[in-house]
Each structure stands twice: as structure tokens, then as C-alpha cells.
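To get my numbering, take the position in the sequence shown, counting from 1, and add 4. Note that CB positions come from ideal geometry on N, CA and C, so glycine has one too. Computed from a predicted structure; not experimentally measured.
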Amino acid sequence: PQVDPSIQPYPYDPEKAKQLLQEAGIQPGTEIIFDSSQGRYPMDTDAAQAIAAELEQLGFRVTVQYNEWGTHLDKIVNRRTGDAFFLGWGPALDAEGTLRYLFVGDSTYSGYTNPEVEAVIAEAATTVDPDKAQELWNQVQRMVWEDAGWLFLWQQHDIYGVSNRVDWTPRVDESLFMGDAKPRES
5 PQVDPSIQPY PYDPEKAKQL LQEAGIQPGT EIIFDSSQGR YPMDTDAAQA
55 IAAELEQLGF RVTVQYNEWG THLDKIVNRR TGDAFFLGWG PALDAEGTLR
105 YLFVGDSTYS GYTNPEVEAV IAEAATTVDP DKAQELWNQV QRMVWEDAGW
155 LFLWQQHDIY GVSNRVDWTP RVDESLFMGD AKPRES
């Protein structure tokens, strides 16, 4: 909910990326330390290797640090990661559940700071009119997209297998409360 469907992924354009890096004064050979979890998400180490390879094609020298999940999360929370890190997020049942935690500078999981974004988040979070709130959440998403402070890679979908002898519906928040499951009446 509250996703702005007009925002599309960045197009794959290595030449434009090189141009933007040059304009920003970032030199080829710049070292990047990239922190990734290992075993937390499906194929997280493969994703980290692919990201590192893409960065190396742009001229960076990348060192990937693979972390056990507890260590990885501790490094993120305590601001001890390298230059970039890999983090999954979800489930968020509204825009605030993601945007406040990732795009407000003093939030636990954020290193991103933009006072204008923070002001719009604060306004959206307290706006009662759903249409006005949606406009504000769309504005936040557009601002974050333009800043490119975070790169969104994919949406992971959960898959559940349940016997036809069980009456159970997965929750939208991905919590598994099997006390909700009951034998199906014949």
C-alpha cells in the first residue's frame, strides 16, 4: 500500500553511471567496502557478488565482507559497516513502516540524511486525509529515488505449502502464527 506506481527502476546504463561518478569527482580505483549478510536471505552472497562485480565494472575496487546475520545487523545498527551494505526490509503494511526507518537520519537502520525528505515524512505521518497522505508519500518516494541513497533490488515473495487438510491463511505481515491453523472439516 501507498506505493507510487509511477516510480520505475533506474535503467541499466553503465556509461551514464561512469559519467555521474566522474561529475561527482570519484576516481577510478576508489576502494569500497561492501557488507553483506551470509545466509539470511535467499542467495544473499550471490547478490553481493553480483553487486560487487557491477561496481568493479565501473572502476571501483570492492571488498565484500560477509557477515553472520547477528553480526551484520549489529554493524548496521551501530554504524560500523563499510561504505555500503545489503539489507532486506519487510513486511511494511504502510509507507511509514519503511520510509521512516530507512530515510530518517537518526533511525536505527539509516545512514541516509535529507532534511527535506524527513520533513515530508513527518507531515505525511500526521496527515489524516488519505488522499493528501498518498500525495506526500509519493513525494517522499520520488525524492528518495532522485537522491539514490538506497537502491532497491527486488521484492521477495513468500511461498507457503499447506496440506489441503489444514485450514490456514498466511498473514500479510509474514508472521507464522500456526495457532491460527485448524484441521479442515471434511
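Note on geometry: alpha-carbon atoms of residue 108 and residue 127 lie some 13 angstroms from one another.
The beta carbon of residue 122 is closer than 8 angstroms to those of 107, 108, 109 in its chain, skipping five residues each way along the sequence. The C-alpha of residue 173 lies about 23 angstroms from the C-alpha of residue 45. Looking from the CA of residue 157, the closest CA among 19, 124, 39, 55 belongs to 55.
Pairing residue 31 with residue 79, the inter-Cα distance amounts to about 27 angstroms. A residue is called buried once 16 or more other Cβ atoms fall within 10 Å of its Cβ, and residue 71 is buried on that count. Around the Cβ of residue 99, a 10 Å sphere holds 16 or more other Cβ atoms; the residue is buried.
One Cα belongs to residue 63, the other to residue 155, and the distance between them is close to 19 angstroms. DSSP places residue 39 in the uninterrupted beta strand (DSSP E) bounded by 35 to 41.
Under the three-state reduction of DSSP output, residue 96 falls in the coil class, being neither helix nor strand. Rounded to whole angstroms, the Cβ separation of residue 187 and residue 169 is 7 angstroms, and the two are in contact under 8 angstroms.
Annotation: the segment 42 to 101 contains the following complete segments of the beta strand (DSSP E) (minimum length 3 residues), in chain order: 65 to 71.
Annotated as proximal: residue 38 and residue 68, with beta-carbon spacing under 8 angstroms. In the DSSP annotation of this structure, the continuous segment of the alpha helix (DSSP H) that includes residue 149 starts and ends at 134 to 151. Excluding its 5 nearest sequence neighbours in each direction, residue 125 has C-beta neighbours in its own chain below 7 angstroms: 103, 104, 107, 108, 144, listed in chain order.
Spanning the alpha carbons of residue 50 and residue 66 requires a straight line of approximately 15 angstroms.
In the DSSP assignment, residue 24 falls within the unbroken alpha helix (DSSP H) covering 18 to 27. Residue pairing for residue 171: DSSP places it in a beta bridge opposite 186. Residue 14 and residue 130 have their C-alpha atoms spaced approximately 30 angstroms apart. Per DSSP, the continuous alpha helix (DSSP H) segment holding residue 120 begins and ends at 119 to 129.
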